[in-house]
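Below: the structure, in structure tokens.
Number of protein chains: 2
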Amino acid sequence: MALPTTGHAESLPFLLSQVGARSAQLFAERIAPLGVTPRAYGVLSYLAETASQTQQQLATALGIHRNNMVGLIDEMEAAGWVRRHRSKQDRRAFDIRLTMTGSTLIARVNRVLPALEGDIAHGLSDDDRLAMVASLMHIARRLDLKPGVHPHLRSPSR
Amino acid sequence: MALPTTGHAESLPFLLSQVGARSAQLFAERIAPLGVTPRAYGVLSYLAETASQTQQQLATALGIHRNNMVGLIDEMEAAGWVRRHRSKQDRRAFDIRLTMTGSTLIARVNRVLPALEGDIAHGLSDDDRLAMVASLMHIARRLDLKPGVHPHLRSPSR
DNA sequence: TATTGTTATACTCTATAACTATA
DNA sequence: TATAGTTATAGAGTATAACAATA
Chain A
0 MALPTTGHAE SLPFLLSQVG ARSAQLFAER IAPLGVTPRA YGVLSYLAET
50 ASQTQQQLAT ALGIHRNNMV GLIDEMEAAG WVRRHRSKQD RRAFDIRLTM
100 TGSTLIARVN RVLPALEGDI AHGLSDDDRL AMVASLMHIA RRLDLKPGVH
150 PHLRSPSR
Chain B
0 MALPTTGHAE SLPFLLSQVG ARSAQLFAER IAPLGVTPRA YGVLSYLAET
50 ASQTQQQLAT ALGIHRNNMV GLIDEMEAAG WVRRHRSKQD RRAFDIRLTM
100 TGSTLIARVN RVLPALEGDI AHGLSDDDRL AMVASLMHIA RRLDLKPGVH
150 PHLRSPSR
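Chains as they are written, first to last, in numbering that gives the first Met the number 0: chain A, 0 to 157; chain B, 0 to 157.
Right under this line is the structure:
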């Protein structure tokens, strides 16, 4: 058979999906020793960039169902990264607030990113790497992706 | 809080993962009307580029467990895309062969890719788009990804 | 009456182990 | 004894629906 490559292997959508999946995999592996999953990191980093949020607000913003947010916050609270505070304005809701431990963890996770970026982009010129980041940010905007919010947080790492 | 963006949102690993996940999502949506999942397409396109393969060979090459390959081939055979033929050399194994219907389906899927690529890369110059494809192929090689083989075929679309 | 957090239930998908028929 | 395909079972994860407390 062996057709002259009219297929998907060199198409932009496939390459993005293929390389992106492996990149997510590597990220999960690199942060696993810190005891954190990509999903938990998604919540932590979102909390760091916004004010304290209720579970419902986090669920809506990150695309995780509020039912699943319960157990996730349970784990993160048990790990000491966040704490639940009864909201003063709405006594049904919890304000989820980062702890000092949680902030420290975010910083530690962010410190592994340059190494991972170096490994992934190894052999690429600085110009090519910067051009790629710029193009990716352009595409992310075009695809209505919120900066820093991963569309697959609803399901665990993999 | 609102830190001055020392985080992951503009890092290459995160952007690749974020944009890649959405790209995979869009691909799945575009081919769903054709009745095919990304996983089934992965098997079909691999069959088109190699000779006929046994289920075990497909499982090894695509990273799908042979137990799960059974049901997948069942569905694809029911859809008329492939057929099982007892191997002459090894009567335990099945040679999985593409049918005409299967080949036609591959061609139809491949025809939606240019439109998807256009939508994703809209607003990007031809030079930027081509540079991105070249960089992605470089990274794919570097990350030991086999051309045309998606690392997440083991789990269904999403 | 609607909403926040929570729990319970069913459903889907995956991973492990076993079985059969061939090798 | 090992391997290809198959089946069964259990486990993990998700979605749906319901509940109590509060709005």
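Where is the CB? At the ideal position from N, CA and C, for every residue including glycine.
This structure is a prediction, so every number in the text was calculated from the model and none was measured.
Find the residues of chain A that neighbour residue i, judging by a C-beta separation of less than 8 Å, and give them in chain order.
i, result
"P150 (chain B)", "Q17, A20, R21 and Q24"
Nearest chain B C-beta to residue i closer than 8 Å, yes or no?
i, result
"R128 (chain A)", "yes"
"L104 (chain A)", "no"
"L71 (chain A)", "no"
"P12 (chain A)", "yes"
"L61 (chain A)", "no"
"A74 (chain A)", "The question names Ala, but residue 74 (chain A) in the sequence shown is Glu. No - not a single Cβ of chain B is within 8 Å of the one on E74 (chain A)."
"T98 (chain A)", "no"
Provide the residue span of the beta strand (DSSP E) that contains residue i, from first to last.
i, result
"L97 (chain A)", "F93 to L97"
Under 8 Å Cβ-Cβ, which residues of chain B neighbour residue i?
i, result
"I138 (chain A)", "V18, I119, A120 and L123"
"L112 (chain A)", "H7, S10, P12 and F13"
Once DSSP output is grouped into helix, strand and coil, what is the label at residue i?
i, result
"E9 (chain A)", "coil"
"P150 (chain B)", "coil"
"V18 (chain A)", "helix"
"Q52 (chain B)", "strand"
"V81 (chain A)", "strand"
"L135 (chain A)", "helix"
"S86 (chain B)", "coil"
"A120 (chain B)", "coil"
"D125 (chain B)", "helix"
"V35 (chain A)", "coil"
"D143 (chain B)", "coil"
"I63 (chain B)", "coil"
Can you give the Cα-Cα distance for residue i and residue j, rounded to whole angstroms?
i, j, result
"L79 (chain B)", "A50 (chain B)", "Leu is not the amino acid found at residue 79 (chain B); the sequence shown has Gly there. Those two C-alpha atoms are separated by around 18 Å."
"V42 (chain A)", "S102 (chain B)", "44 Å"
"V108 (chain B)", "L152 (chain A)", "28 Å"
"L115 (chain B)", "S16 (chain B)", "18 Å"
"H7 (chain B)", "T98 (chain A)", "20 Å"
"A106 (chain B)", "V35 (chain B)", "13 Å"
"S10 (chain B)", "Q52 (chain A)", "25 Å"
"L142 (chain A)", "R21 (chain B)", "8 Å"
"Q56 (chain B)", "Y40 (chain B)", "16 Å"
"G122 (chain B)", "L135 (chain A)", "12 Å"
"T100 (chain A)", "F13 (chain B)", "23 Å"
Going along chain B, which residues have a C-beta under 7 Å from residue i?
i, result
"G163 (chain A)", "Absent from the structure is residue 163 (chain A), since the part of chain A shown begins at 0 and ends at 157."
Taking only beta-carbon atoms, is residue i less than 8 Å away from chain A?
i, result
"N67 (chain B)", "no"
"L2 (chain B)", "Annotation note: pLDDT 45 at L2 (chain B) (below 50); position unreliable, no value reported."
"L144 (chain B)", "yes"
"L57 (chain B)", "no"
"L33 (chain B)", "no"
At a CB-CB cut-off below 9 Å, which residues of chain A make contact with residue i?
i, result
"V132 (chain B)", "E9, S10, L11 and L14"
"S44 (chain B)", "G6, H7 and A8"
"R141 (chain B)", "D118, I119, A120, H121, G122 and L123"
Can you pull the chain A neighbours of residue i, defined as C-beta to C-beta under 7 Å?
i, result
"E159 (chain B)", "An answer regarding residue 159 (chain B) cannot be provided, because it is not within the stretch 0 to 157 covered by chain B."
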